[in-house]
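Residue numbers (the numbering used here): 21 to 321.
All C-beta atoms, glycine included, are put in the ideal place defined by N, C-alpha and C.
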């Protein structure tokens, strides 16, 4: 009989000891996750069906969810989130993929320097980089100074005072910060692809563009799917850029759903029930979009 199944003098077998040790390590983490995540999520779900302030909460059924359809600020925030999602995410992922392909070339010198430089924005504080972009696109900022010297503008343009240009600034800021983050995932995926495949393609006369679309993209499909889901999740929960870069302005033209939830909870008269309902709508949107991406992107039999 094996050592694991042998009992001597009524002692616990080795397999049972291993199971007990495993549960001993898992139990504290499981309890923390339940207390800090699942219980608050359940309480927030109950809260989303209530209205009132403080201890004067009353059951209101689906009133908060019905109110969402009539809230013009929420509808604007929802539109903004999807504008950022549709424009910024594809550009960012494509740029990250191209950069990763370029930096995967084993003949390229100073690869470590280039990789670090592109990844560094991701390590920048969210508040700090938002303030930097706010100052860059100010009327007397760096961008306007360059455009005036090039003769493109005669006077400084207030980018943050116009809805479309303010959204553009947010999109540029997101691309600058998160491209390097996604590039690291693609570089990690490229390390698992035999470089001999690219060398064989070069010998056969395949161009760089053809190699990119016929080899790199298909072989990195699982990683691309992962980054697409993470980017979608992050964009639908966008908060820092809206708060620190444009403060949701002008006139809520750039506000995001998470920013609006913050305002409802801590800036305006607290309405935690309505904010909780909005939070669960974001959860549903994230789950549905992730499911769609999984169905479209994962073609394994």
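Buried or exposed by the 16-neighbour rule on C-beta atoms within 10 Å, applied to residue i
{"i": "residue 262", "result": "buried"}
{"i": "residue 12", "result": "This structure leaves residue 12 out entirely; the chain is present only between 21 and 321."}
{"i": "residue 279", "result": "buried"}
{"i": "residue 43", "result": "exposed"}
{"i": "residue 206", "result": "buried"}
{"i": "residue 277", "result": "buried"}
{"i": "residue 194", "result": "buried"}
{"i": "residue 143", "result": "exposed"}
{"i": "residue 132", "result": "exposed"}
{"i": "residue 10", "result": "Absent from the structure is residue 10, since the part of the chain shown begins at 21 and ends at 321."}
{"i": "residue 181", "result": "exposed"}
{"i": "residue 295", "result": "buried"}
{"i": "residue 63", "result": "exposed"}
{"i": "residue 32", "result": "exposed"}
{"i": "residue 86", "result": "exposed"}
{"i": "residue 109", "result": "buried"}
{"i": "residue 155", "result": "exposed"}
{"i": "residue 223", "result": "exposed"}
{"i": "residue 38", "result": "exposed"}
{"i": "residue 284", "result": "buried"}
{"i": "residue 57", "result": "exposed"}
{"i": "residue 212", "result": "exposed"}
{"i": "residue 90", "result": "exposed"}
{"i": "residue 157", "result": "buried"}
{"i": "residue 240", "result": "buried"}
{"i": "residue 36", "result": "exposed"}
{"i": "residue 94", "result": "buried"}
{"i": "residue 316", "result": "exposed"}
Which listed residue (the options) has its alpha carbon closest to that of residue i
{"i": "residue 215", "options": "58, 123, 48", "result": "123"}
{"i": "residue 267", "options": "287, 55, 253", "result": "287"}
{"i": "residue 231", "options": "125, 265, 163, 113", "result": "125"}
{"i": "residue 73", "options": "289, 127, 114, 95", "result": "289"}
{"i": "residue 111", "options": "271, 251, 305, 233", "result": "251"}
{"i": "residue 210", "options": "196, 242, 36", "result": "242"}
{"i": "residue 312", "options": "34, 137, 245, 48", "result": "245"}
{"i": "residue 198", "options": "254, 163, 69", "result": "254"}
{"i": "residue 196", "options": "54, 137, 91", "result": "137"}
{"i": "residue 291", "options": "68, 272, 160", "result": "68"}
{"i": "residue 219", "options": "240, 307, 127, 208", "result": "127"}
Beta bridge counterpart(s) of residue i as assigned by DSSP
{"i": "residue 79", "result": "70"}
Beta-carbon separation (whole angstroms), residue i vs residue j, contact threshold 8 Å
{"i": "residue 186", "j": "residue 249", "result": "Rounded, the Cβ-Cβ distance is 27 Å, inconsistent with contact."}
{"i": "residue 179", "j": "residue 189", "result": "5 Å"}
{"i": "residue 282", "j": "residue 65", "result": "Between residue 65 and residue 282 the Cβ distance is about 19 Å, and since that is not below 8 Å, they are no contact."}
{"i": "residue 192", "j": "residue 256", "result": "That belief does not hold up - the Cβ atoms of residue 192 and residue 256 are roughly 19 Å apart, past 8 Å."}
{"i": "residue 71", "j": "residue 293", "result": "5 Å"}
{"i": "residue 200", "j": "residue 238", "result": "Rounded, the Cβ-Cβ distance is 24 Å, inconsistent with contact."}
{"i": "residue 236", "j": "residue 113", "result": "That belief does not hold up - the Cβ atoms of residue 236 and residue 113 are roughly 13 Å apart, past 8 Å."}
{"i": "residue 139", "j": "residue 204", "result": "6 Å"}
{"i": "residue 88", "j": "residue 228", "result": "Contact flag wrong, Cβ pair sits at about 48 Å."}
{"i": "residue 275", "j": "residue 97", "result": "5 Å"}
{"i": "residue 265", "j": "residue 153", "result": "6 Å"}
Residue-level contact to chain C via CB, residue i, 8 Å cutoff
{"i": "residue 263", "result": "Considering every chain present, this structure includes no chain C. It has just one protein chain."}
Contact test: residue i Cβ vs the ligand GDP heavy atom, cutoff 7 Å
{"i": "residue 104", "result": "Among the ligands in the structure shown, none appear at all, so the ligand GDP cannot be discussed."}
#### Entry: Cβ pair count under 8 Å reaching 3, the stretch 102 to 120 against the stretch 144 to 157
In the pairwise beta carbon analysis, the stretch 102 to 120 is classified as not touching the stretch 144 to 157: fewer than three pairs are separated by under 8 Å.
### Query
Three or more C-beta pairs closer than 8 Å, one from the stretch 162 to 170 and one from the stretch 59 to 79: is that the case here?
No: fewer than three Cβ pairs fall under 8 Å.
### Query
Do the stretch 251 to 261 and the stretch 102 to 110 touch if we need at least three Cβ pairs shorter than 8 Å?
Touching, yes, given that three or more Cβ pairs across the two stretches are closer than 8 Å.
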